[in-house]
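Each residue of the sequence shown is one higher than the one before, counting from 96 in the working numbering. Take a look at the structure below.
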Amino acid sequence: MRYSYYDIHTHLNFSAFEADREEVFALAREVGVGVINVGTQKDTSRSAVEFAEKHEGAWAVVGLHPIHTSASYHDEQELGDGGKAFTSRGETFDYDYYRKLALHPKVVAIGECGLDYYRSMEHEAWNMEQKKQREIFALQIELAKEVRKPLMLHIRNGSSISAYRDAYDILKDKGVLGNLHFFAGTIEEAKPFLDLGFSFSFTGVITFARSYDEVIRYLPLESIMSETDAPYVAPVPYRGKRNEPSYVVEVVRKIAEIRGEDAEKVREQFVKNTRSFFGLV
Ligand SMILES: [Zn+2]
Numbered sequence: 096m097r098y099s100y101y102d103i104h105t106h107l108n109f110s111a112f113e114a115d116r117e118e119v120f121a122l123a124r125e126v127g128v129g130v131i132n133v134g135t136q137k138d139t140s141r142s143a144v145e146f147a148e149k150h151e152g153a154w155a156v157v158g159l160h161p162i163h164t165s166a167s168y169h170d171e172q173e174l175g176d177g178g179k180a181f182t183s184r185g186e187t188f189d190y191d192y193y194r195k196l197a198l199h200p201k202v203v204a205i206g207e208c209g210l211d212y213y214r215s216m217e218h219e220a221w222n223m224e225q226k227k228q229r230e231i232f233a234l235q236i237e238l239a240k241e242v243r244k245p246l247m248l249h250i251r252n253g254s255s256i257s258a259y260r261d262a263y264d265i266l267k268d269k270g271v272l273g274n275l276h277f278f279a280g281t282i283e284e285a286k287p288f289l290d291l292g293f294s295f296s297f298t299g300v301i302t303f304a305r306s307y308d309e310v311i312r313y314l315p316l317e318s319i320m321s322e323t324d325a326p327y328v329a330p331v332p333y334r335g336k337r338n339e340p341s342y343v344v345e346v347v348r349k350i351a352e353i354r355g356e357d358a359e360k361v362r363e364q365f366v367k368n369t370r371s372f373f374g375l376v
């Protein structure tokens, strides 16, 4: 099947889709959206692979999200069970477990991994937490190199520290490629990653927040891809609702509008970018 769009970072594997996962995916298929489900820890990584195995038009990314490295994080939409919030067990990176998953032909990247200074700033043991995030990030970079797949990066700045700068320092000489998911940095923070050949993806937040416009206009079209990060941040006109992969159409439309470019040209280029970045066939 030819895809008209790709949602390169989404979470149909999360509990938010427990009741209607198949229907939501079927609707994405109808619209022509190829879907990349992203894992955040062991269970969601495994379920992303299982879903990809069973469905044409679905791929998986496996890895450990930086906020899952501490034991305090919980999000009902991600791991909730019958409405009960789930508290992260504070995973260490089980290299062999993720390696086995990563070798699956439908696994197209390692992640989401990286540095999250926004949430970890809440921790008192900030230095320890930061050290742990860096160590676990380094292991996932090693895995990406070993299996020759790119990284799906989650990088989030703290109020006074640039996680992008730290991530760049870690990545610059590693010889791996990566996509900066939900890019929220400045042009200055984007530049060094562009030089490394990295790509950038944007979510529905760009349909209602204007702080992304400048960087969206600055980046070459060849370096951009589209995502929803569903179930979070639904685009206009679905704001406040649970997000889903078929809404990626609105993200692509908005990027074209912000850049003042032809929507069809932008859509086609994103399809090309995605196929070549993740090696989709
Ligand atoms: Zn995500």
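Ideal Cβ placement from N, Cα and C applies to all residues, glycine included. Nothing here was measured: the structure is a model prediction, and the numbers come from that model.
- Taking C-beta separations shorter than 6 Å and ignoring five residues to either side along the sequence, the partners of R354 in its chain run R312, following chain order.
- Annotated as proximal: G273 and L246, with beta-carbon spacing under 7 Å.
- The beta carbons of V310 and P330 sit about 18 Å from each other, so the pair does not count as a contact at 8 Å.
- V157 has its alpha-carbon roughly 16 Å from the corresponding atom of Q228.
- Taking a cut-off of 8 Å on C-beta distances, the stretch 197-217 touches the stretch 258-274, as three or more cross pairs fall below it.
- Every beta strand (DSSP E) of 3 residues or more that sits fully in the stretch 96-143 is shown, in chain order, as 100-105, 128-133.
- The C-alpha of E117 is placed about 10 Å away from the C-alpha of A123.
- From the listed residues A143, H160, L159, the smallest Cα separation to G152 is found for A143.
- As the crow flies, the alpha-carbon of K349 is around 15 Å from that of F278.
- A direct Cα-to-Cα measurement between I319 and D268 gives close to 22 Å.
- D170 is positioned such that its CB atom lies no closer than 7 Å to that of T323.
- Residue environment analysis places K244 among the buried positions, since at least 16 neighbouring C-beta atoms fall within 10 angstroms of its C-beta.
- The Cβ atoms of F188 and L159 lie closer than 7 Å to each other.
- Residue pairing by DSSP places W154 opposite I131 in a beta bridge.
- Comparing C-alpha distances from R260 to each of H150, E284, L238 shows the shortest one belongs to E284.
- Proximity to ligand 1 was defined by a C-beta distance below 6 Å to any of its heavy atoms, and the residues meeting it, in sequence along the chain, are H104, H106, V133, E207, D324.
- The secondary-structure analysis by DSSP pairs N222 with nothing; it has no beta-bridge partner.
- Counting of Cβ neighbours within 10 angstroms places V376 among the exposed residues, the total staying below 16.
- Under the three-state reduction of DSSP, H163 is assigned to helix.
- As for any beta strand (DSSP E) of minimum length 3 sitting wholly inside the stretch 232-285, the runs are 246-251, 273-275, ordered along the chain.
- Judged by DSSP in its simplified three-state form, F373 adopts helix.
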